[in-house]
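One point on numbering: in the UniProt record's numbering, the residue at position 229 of the sequence shown is 229, and numbering is uninterrupted.
Glycine included, each C-beta is placed from N, C-alpha and C at the ideal position.
Computed from a predicted structure; not experimentally measured.
Data first, discussion second: the structure below is written as structure tokens.
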Amino acid sequence: MNEHIEYPRKNLDREPSGGAYPDGFPRNLRKDGLTPAAARREQTGRAKPSVEASLALHGPPNRRKNRGPQVPIHQADNSSSQSLRLRLQVRGKRIDVLNSNVVDVGPSTAPTVRGTSFLEVRANNLVVALAPLPDPGLSVGIPDSRDSAEEFRGHRIVEDDTWEVAVRIPIEVLTERGDGELSVSIYTATEQLVLDTAPDTPLSRRSRRVEEIAAGGPLRVADLPGAPTTDDRKRPDTTTS
Numbered sequence: 001m002n003e004h005i006e007y008p009r010k011n012l013d014r015e016p017s018g019g020a021y022p023d024g025f026p027r028n029l030r031k032d033g034l035t036p037a038a039a040r041r042e043q044t045g046r047a048k049p050s051v052e053a054s055l056a057l058h059g060p061p062n063r064r065k066n067r068g069p070q071v072p073i074h075q076a077d078n079s080s081s082q083s084l085r086l087r088l089q090v091r092g093k094r095i096d097v098l099n100s101n102v103v104d105v106g107p108s109t110a111p112t113v114r115g116t117s118f119l120e121v122r123a124n125n126l127v128v129a130l131a132p133l134p135d136p137g138l139s140v141g142i143p144d145s146r147d148s149a150e151e152f153r154g155h156r157i158v159e160d161d162t163w164e165v166a167v168r169i170p171i172e173v174l175t176e177r178g179d180g181e182l183s184v185s186i187y188t189a190t191e192q193l194v195l196d197t198a199p200d201t202p203l204s205r206r207s208r209r210v211e212e213i214a215a216g217g218p219l220r221v222a223d224l225p226g227a228p229t230t231d232d233r234k235r236p237d238t239t240t241s
């Protein structure tokens with residue numbers, strides 16, 4: 001008996017006749033005998049539109065047009081919603097400006113201020129900002145068991161030799177007086193006062209019950225970093241429509 005019998009090999013690489021795949025299903029038909037288009041119709045209730053039909057209905061896809069160099073959009077004047085923020089350092093009776101920057105927050109619009117200590121900013125001897133100062137130069141420390149309850153009520157009150165405070169100044173006022181000088185003063189009163197913020201007269205001339213305890217300036221507005229000047233206000237608009 002010949003042990004080297006050669007059996008015929010199944011030709012799986014060649015597609016059988018009749019348009020069927022080796023799995024036994026005709027070409028372009030699913031297992032259930034439906035064409036893919038018929039199956040989509042059966043699932044959705046309507047035939048899926050062809051590419052040509054979609055283009056005829058919606059048109060070709062939009063492509064970004066080359067419009068050339070972009071023209072900057074002219075920004076409207078929003079100076080009323082901006083202010084110049086001054087960061088001040090108080091050391092004894094001296095006030096120094098640490099830095100300044102334009103912020104997208106308007107100045108305080110409160111008609112009155114209440115308290116016993118006040119911060120005043122003047123431009124060319126006219127008041128441009130008046131703000132109350134609650135407990136200036138005082139900070140509450142960590143409770144100390146050695147402090148008596150009658151004196152500190154469980155907290156240690158610390159008087160700082162150097163402390164900081166910030167104030168916002170209207171932008172439009174500075175642009176009108178950009179060539180002038182700024183002066184800052186801190187006042188204290190023996191009793192609580194309610195002051196009107198509308199007058200531009202310095203507080204030392206308005207009330208005899210206040211005393212100036214610290215002052216700073218004069219400082220030129222043009223020397224402040226980030227402060228707008230009259231050149232910015234008069235600069236012509238170079239944008240094109």
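Need the endpoints of the alpha helix (DSSP H) that residue i sits in, please.
i, result
"R206", "203 to 206"
Given that a residue counts as buried once 16 or more other Cβ atoms are within 10 Å of its Cβ, and exposed if not, what is residue i?
i, result
"E191", "exposed"
"V105", "exposed"
"V221", "buried"
"E120", "buried"
"V128", "buried"
"residue 242", "The chain is shown only over 1 to 241; residue 242 falls outside these bounds and no answer can be derived."
"S83", "buried"
"V90", "buried"
"L98", "exposed"
"L193", "buried"
"L138", "exposed"
"P134", "exposed"
"A76", "At A76 the pLDDT is 49, less than 50, meaning the model places this residue with poor confidence; the figure from the coordinates comes in the next sentence. The residue is exposed, with fewer than 16 neighbouring Cβ atoms inside 10 Å."
How big is the Cα-Cα spacing for residue i and residue j?
i, j, result
"V167", "I157", "24 Å"
"I213", "A110", "24 Å"
"G180", "G216", "15 Å"
"A123", "L182", "5 Å"
"L195", "P132", "10 Å"
"V113", "G92", "24 Å"
"H74", "L219", "Since pLDDT at H74 reaches only 48, below the 50 mark, its modelled position is unreliable, and no value is offered."
"N125", "P199", "12 Å"
"L88", "D96", "6 Å"
"V140", "R209", "28 Å"
"E164", "V103", "18 Å"
"D223", "I171", "15 Å"
"S207", "L86", "25 Å"
"S108", "G115", "16 Å"
"D161", "F118", "18 Å"
"S81", "E159", "36 Å"
"E211", "T197", "18 Å"
"L130", "R94", "18 Å"
"P136", "I169", "20 Å"
Check for me: the beta strand (DSSP E) holding residue i runs from which residue to which?
i, result
"A222", "Premise fails: A222 is in no beta strand (DSSP E) and is neither H nor E."
"S139", "138 to 140"
Mind checking who residue i pairs with in its DSSP beta bridge?
i, result
"N125", "N125 pairs with nothing; no bridge assigned."
"A131", "L119"
"R91", "R94, T162"
"D196", "T112"
"T188", "S117, E211"
"I169", "L84"
"V102", "L84"
Quick one: is the Cβ of residue i within less than 7 Å of any heavy atom of the ligand NAP?
i, result
"S183", "The ligand NAP is not part of the structure shown, which contains no ligands of any sort."
For residue i, would you say it is in contact with chain B, using Cβ-to-Cβ distances shorter than 8 Å as the test?
i, result
"S204", "Checking the listed chains, one finds no chain B in this structure; it contains a single protein chain."
Any chance the stretch 179 to 190 sits against the stretch 199 to 214, with 3 or more Cβ pairs inside 8 Å? Cβ pair count under 8 Å is three or more, so yes.
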